[in-house]
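Note sheet for the following structure.
Protein chains: 2
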Amino acid sequence: MAATPEFPSLDKLITSTLSGNELNEYNRIHYGRTNHHQLSNTKESSDLAEKHKFDIALYDFPANKEETRSPRIVRIGAIQHSITNATDNPIAEQRQGIFNKIRNLIEAAANENVNILCLQEAWSMPFAFCTREKYPWCEFAESALEGPSTLFLKELAAKFGMVIISPILERDEAHGDTIWNTAVVINETGKVIGKHRKNHIPRVGDFNESTYYFEGNTGHPVFETNFGKIAINICYGRHHPLNWLMFGINGAEIVFNPSATVSGLSEHLWPVEARNAAIANSYYTCAINRVGTEKFPNEFTSGDGKPAHKEFGHFYGSSYITAPDGVRTPGLSRVRDGLLISQIDLNMCRQIRDKWGFTMTQRLNLYAESLNDAVKHDYKQQIIRNN
Amino acid sequence: MAATPEFPSLDKLITSTLSGNELNEYNRIHYGRTNHHQLSNTKESSDLAEKHKFDIALYDFPANKEETRSPRIVRIGAIQHSITNATDNPIAEQRQGIFNKIRNLIEAAANENVNILCLQEAWSMPFAFCTREKYPWCEFAESALEGPSTLFLKELAAKFGMVIISPILERDEAHGDTIWNTAVVINETGKVIGKHRKNHIPRVGDFNESTYYFEGNTGHPVFETNFGKIAINICYGRHHPLNWLMFGINGAEIVFNPSATVSGLSEHLWPVEARNAAIANSYYTCAINRVGTEKFPNEFTSGDGKPAHKEFGHFYGSSYITAPDGVRTPGLSRVRDGLLISQIDLNMCRQIRDKWGFTMTQRLNLYAESLNDAVKHDYKQQIIRNN
Numbered sequence: 003m004a005a006t007p008e009f010p011s012l013d014k015l016i017t018s019t020l021s022g023n024e025l026n027e028y029n030r031i032h033y034g035r036t037n038h039h040q041l042s043n044t045k046e047s048s049d050l051a052e053k054h055k056f057d058i059a060l061y062d063f064p065a066n067k068e069e070t071r072s073p074r075i076v077r078i079g080a081i082q083h084s085i086t087n088a089t090d091n092p093i094a095e096q097r098q099g100i101f102n103k104i105r106n107l108i109e110a111a112a113n114e115n116v117n118i119l120c121l122q123e124a125w126s127m128p129f130a131f132c133t134r135e136k137y138p139w140c141e142f143a144e145s146a147l148e149g150p151s152t153l154f155l156k157e158l159a160a161k162f163g164m165v166i167i168s169p170i171l172e173r174d175e176a177h178g179d180t181i182w183n184t185a186v187v188i189n190e191t192g193k194v195i196g197k198h199r200k201n202h203i204p205r206v207g208d209f210n211e212s213t214y215y216f217e218g219n220t221g222h223p224v225f226e227t228n229f230g231k232i233a234i235n236i237c238y239g240r241h242h243p244l245n246w247l248m249f250g251i252n253g254a255e256i257v258f259n260p261s262a263t264v265s266g267l268s269e270h271l272w273p274v275e276a277r278n279a280a281i282a283n284s285y286y287t288c289a290i291n292r293v294g295t296e297k298f299p300n301e302f303t304s305g306d307g308k309p310a311h312k313e314f315g316h317f318y319g320s321s322y323i324t325a326p327d328g329v330r331t332p333g334l335s336r337v338r339d340g341l342l343i344s345q346i347d348l349n350m351c352r353q354i355r356d357k358w359g360f361t362m363t364q365r366l367n368l369y370a371e372s373l374n375d376a377v378k379h380d381y382k383q384q385i386i387r388n389n
Numbered sequence: 003m004a005a006t007p008e009f010p011s012l013d014k015l016i017t018s019t020l021s022g023n024e025l026n027e028y029n030r031i032h033y034g035r036t037n038h039h040q041l042s043n044t045k046e047s048s049d050l051a052e053k054h055k056f057d058i059a060l061y062d063f064p065a066n067k068e069e070t071r072s073p074r075i076v077r078i079g080a081i082q083h084s085i086t087n088a089t090d091n092p093i094a095e096q097r098q099g100i101f102n103k104i105r106n107l108i109e110a111a112a113n114e115n116v117n118i119l120c121l122q123e124a125w126s127m128p129f130a131f132c133t134r135e136k137y138p139w140c141e142f143a144e145s146a147l148e149g150p151s152t153l154f155l156k157e158l159a160a161k162f163g164m165v166i167i168s169p170i171l172e173r174d175e176a177h178g179d180t181i182w183n184t185a186v187v188i189n190e191t192g193k194v195i196g197k198h199r200k201n202h203i204p205r206v207g208d209f210n211e212s213t214y215y216f217e218g219n220t221g222h223p224v225f226e227t228n229f230g231k232i233a234i235n236i237c238y239g240r241h242h243p244l245n246w247l248m249f250g251i252n253g254a255e256i257v258f259n260p261s262a263t264v265s266g267l268s269e270h271l272w273p274v275e276a277r278n279a280a281i282a283n284s285y286y287t288c289a290i291n292r293v294g295t296e297k298f299p300n301e302f303t304s305g306d307g308k309p310a311h312k313e314f315g316h317f318y319g320s321s322y323i324t325a326p327d328g329v330r331t332p333g334l335s336r337v338r339d340g341l342l343i344s345q346i347d348l349n350m351c352r353q354i355r356d357k358w359g360f361t362m363t364q365r366l367n368l369y370a371e372s373l374n375d376a377v378k379h380d381y382k383q384q385i386i387r388n389n
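Protein chains in written order, with our numbering: chain G, 3 to 389; chain A, 3 to 389.
Encoded structure:
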């Protein structure tokens, strides 16, 4: 499958091609509703978006009214973006270039009253793990509490009264200088309330991440913010239903999936996995992928028999949000920076649990027992033979 | 969301609307490949299909050649169909009407050298569980070993040398006359090699199945046939990632998902869940849904505040097959009976496990432990508070 960086998105193609009842049927069957409930954004945000060449899209997810609980309506946002500088520029310049870009997107999010904002995986650096080179890339690793990315975002979080999730390359100096793929959660007063380390690490194609960091050791934390209970399933963890499940068990109402993934590898999986997680766990999910093609100074190989090269494949963006009832937004562009916002009612999580009953019918005891057996070295698979 | 029985399918709409590079991009991003690898069928099958008004579609899923294993190519088939008689006809006539129809579809499958064929959930009866009436519907329940559906299919299985999965309403006379939602596995010599009982039972809308039968007590068996290791995740079990997971842990290479589900409830979830399961577990999945609108003699209500009525919603068919790499076939029609066949190489399961590494990176020990904790009555969720 060829990478096609220039193709804007399936969502745009469908909207520009179909109309009337056909478009309605497409929307109903594919997205789960005929009306996307698109909201308009402020002029300030439109101006920012035009000036700084990013897209902005807002959608509403109304829930049913309840008699005994008030609606709990919050706005969540996701930012997808390309890097700004050549990857052989000084590290501080590469990072500052991204900071300068991101500031505009965050300002637009603030204009739209976003309460919780999530950036993409390793947002303040190129996704250099394709190279297997330790330097200079390990120098991007920074302290979760007081690294440059955290300091930059703490200020904006406090200024705009916004929770910001900041997925970075973390260096833990207090524990042997180890490096981790980590999401830092900064609350709306600018305080770091905690962090989560990526639980599942890929070893596939150009994703040589196990060369740099281990599987996370922070469990499945849910962060109880003033705008809802949130969790972060970083990138490759989206292939693991058990990872999604544990965040749900711990009470998550929104799970963000900051990612970096390329066409040719995962594009046909992208609309499936985070959406399935929302359905299976009756919570909101927000899948975020970077955009653009990143070029590195030295050649690297991809373990696919092809010649050495300097370019990663195309990061295809396409960030999207899914509600607990499986209804999803159109995706952002495959090629442009973008800010995706949804206005959601957290009450929908419990409403869908009550209606569909997936947690009630889950038989968790059965599976706790089955998995306990399955991990034993002498486990016997339940096989019925043909004789 | 209105039910729209007349709309043939999104797949057909897209094929008739897009062309050239746009169609290629749609196919690549949506289905996972630009070429569906459609195979042609025999003239005998085309004649049968035309005469008896059903669709037939064949797709190939080629895998890589390996040096140390020969390809293990088999053909799997799925049948979706509507009922034939009014639901107030005598039970024997209703069942015989379906038998007469199904015989033609099975003959077409035999013409195409299908090795393993799966029928839809409760294939030999109307899906009467919306009524909450015990009679006459419980009279459709039959012995897994020697009930009329099994006897009918044993003969065809032996005649055509085909494994047939027969999802029925089972009555277990040896255990208190209990009723179960069961899939019977008949091998290519016509012998019943075992059965599996539906693990997760819905209580949603018109799916009042918990009124009739309990959660299955047969675990997660994998049937080692001469054409591969197969399992059956019946209907509502597709919402439960743990159910899919255990079939994978027990070695399944193909998991069938015989279903009965209606538009308005699940149509936007349908393309997501069985496909996600194929991806997450590196095996083939085959999702099968009945077609048509079934009308019952007496009024029933749907627990949705709407007036009593006699018609179930529209069963939207749309059966489809997904490979371990997430590539899927177009779906069968939303409205017509159909036979969907795929030629698959079972070797792809291990190839994708080796390539993507989802089982290696699964951290099953961690989750066995976490679930064991989670089911305890005094379980404390891992919550990081905002203070």
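Note that CB positions come from ideal geometry on N, CA and C, so glycine has one too.
For residue i, which option in the options has the closest C-alpha, if you only look at C-alpha atoms?
{"i": "residue 279 (chain A)", "options": "A:331, A:257 and A:262", "result": "A:257"}
{"i": "residue 200 (chain A)", "options": "A:190, A:159, A:123 and A:272", "result": "A:123"}
{"i": "residue 250 (chain A)", "options": "G:376, G:388 and G:45", "result": "G:376"}
{"i": "residue 389 (chain G)", "options": "A:310, A:321 and A:226", "result": "A:226"}
{"i": "residue 77 (chain A)", "options": "A:68, A:69, A:211 and A:62", "result": "A:62"}
{"i": "residue 240 (chain A)", "options": "G:358, G:213 and G:165", "result": "G:358"}
{"i": "residue 367 (chain G)", "options": "A:188, A:372 and A:161", "result": "A:372"}
{"i": "residue 216 (chain A)", "options": "A:119, A:202, A:29 and A:38", "result": "A:202"}
{"i": "residue 264 (chain G)", "options": "G:316, G:194, G:125 and G:170", "result": "G:316"}
{"i": "residue 121 (chain A)", "options": "A:291, A:67 and A:93", "result": "A:291"}
{"i": "residue 211 (chain G)", "options": "G:158, G:238 and G:185", "result": "G:238"}
{"i": "residue 370 (chain G)", "options": "A:244, A:60, A:380 and A:277", "result": "A:244"}
{"i": "residue 133 (chain G)", "options": "G:209, G:34, G:14 and G:69", "result": "G:209"}
Could you check how far apart the C-beta atoms of residue i and residue j are, in whole angstroms? I think they sit under 8 Å.
{"i": "residue 149 (chain G)", "j": "residue 116 (chain G)", "result": "Not a contact, Cβ separation roughly 23 Å."}
{"i": "residue 270 (chain A)", "j": "residue 16 (chain G)", "result": "Their Cβ separation, rounded to whole angstroms, is 15 Å, which puts residue 270 (chain A) and residue 16 (chain G) out of contact at 8 Å."}
{"i": "residue 284 (chain A)", "j": "residue 355 (chain A)", "result": "5 Å"}
{"i": "residue 246 (chain G)", "j": "residue 282 (chain G)", "result": "7 Å"}
{"i": "residue 74 (chain A)", "j": "residue 230 (chain A)", "result": "7 Å"}
{"i": "residue 224 (chain A)", "j": "residue 253 (chain A)", "result": "5 Å"}
{"i": "residue 169 (chain G)", "j": "residue 260 (chain G)", "result": "4 Å"}
{"i": "residue 332 (chain G)", "j": "residue 38 (chain G)", "result": "7 Å"}
{"i": "residue 186 (chain G)", "j": "residue 152 (chain G)", "result": "6 Å"}
Pull up the DSSP beta-bridge partners for residue i, would you.
{"i": "residue 345 (chain G)", "result": "G:62 and G:77"}
{"i": "residue 166 (chain A)", "result": "A:119 and A:188"}
{"i": "residue 289 (chain G)", "result": "G:259 and G:322"}
{"i": "residue 196 (chain A)", "result": "A:187"}
{"i": "residue 1 (chain G)", "result": "Because chain G here runs from 3 to 389, residue 1 (chain G) falls outside it and cannot be looked at."}
{"i": "residue 182 (chain G)", "result": "G:172"}
{"i": "residue 206 (chain A)", "result": "A:209"}
{"i": "residue 2 (chain A)", "result": "For residue 2 (chain A) there is no data in the structure shown, the boundaries of chain A being 3 and 389."}
{"i": "residue 53 (chain A)", "result": "Beta-bridge pairing links residue 53 (chain A) to no other residue."}
{"i": "residue 339 (chain G)", "result": "G:56"}
Give the range of the beta strand (DSSP E) segment to which residue i is assigned.
{"i": "residue 376 (chain G)", "result": "Note, residue 376 (chain G): premise wrong, no beta strand (DSSP E); alpha helix (DSSP H) at 366 to 376."}
{"i": "residue 227 (chain G)", "result": "224 to 227"}
{"i": "residue 385 (chain A)", "result": "385 to 387"}
For the alpha helix (DSSP H) that contains residue i, what are its first and last residues?
{"i": "residue 240 (chain G)", "result": "First-last for residue 240 (chain G): undefined, no H or E at that position."}
{"i": "residue 97 (chain A)", "result": "93 to 113"}
{"i": "residue 281 (chain A)", "result": "272 to 283"}
{"i": "residue 16 (chain G)", "result": "12 to 19"}
{"i": "residue 43 (chain G)", "result": "That residue, residue 43 (chain G), is in no alpha helix (DSSP H); it is neither H nor E in DSSP."}
{"i": "residue 215 (chain A)", "result": "Counting along the chain, residue 215 (chain A) falls outside any alpha helix (DSSP H), and DSSP gives it neither H nor E."}
{"i": "residue 28 (chain A)", "result": "22 to 28"}
Review point. Given 8 Å as the limit, is there contact between the segment 85 to 93 of chain G and the segment 122 to 141 of chain G, that is, 3 or more CB pairs closer than that?
Key: yes
Check your understanding: Between the segment 326 to 342 of chain A and the segment 344 to 357 of chain G, do three or more beta carbon pairs fall short of 8 Å?
Key -> no
Review point. If you pair each beta-carbon of the segment 180 to 200 of chain G with each one of the segment 227 to 234 of chain G, do three or more pairs fall below 8 Å?
Key: yes
Exercise for review: Could you tell me whether the segment 290 to 301 of chain A touches the segment 88 to 95 of chain A, where touching means 3 or more Cβ pairs closer than 8 Å?
Suggested key: yes
Review point. Touch check for the segment 321 to 337 of chain A and the segment 304 to 313 of chain A: three-plus C-beta pairs under 8 Å?
Key: no
Review point. With contact counted as at least three CB pairs below 8 Å, one residue from each stretch, are the segment 50 to 62 of chain G and the segment 54 to 64 of chain A in contact?
Key: no
Point to revise | Inter-stretch contact at 8 Å, needing at least 3 Cβ pairs: the segment 107 to 115 of chain A / the segment 132 to 142 of chain A | key: no
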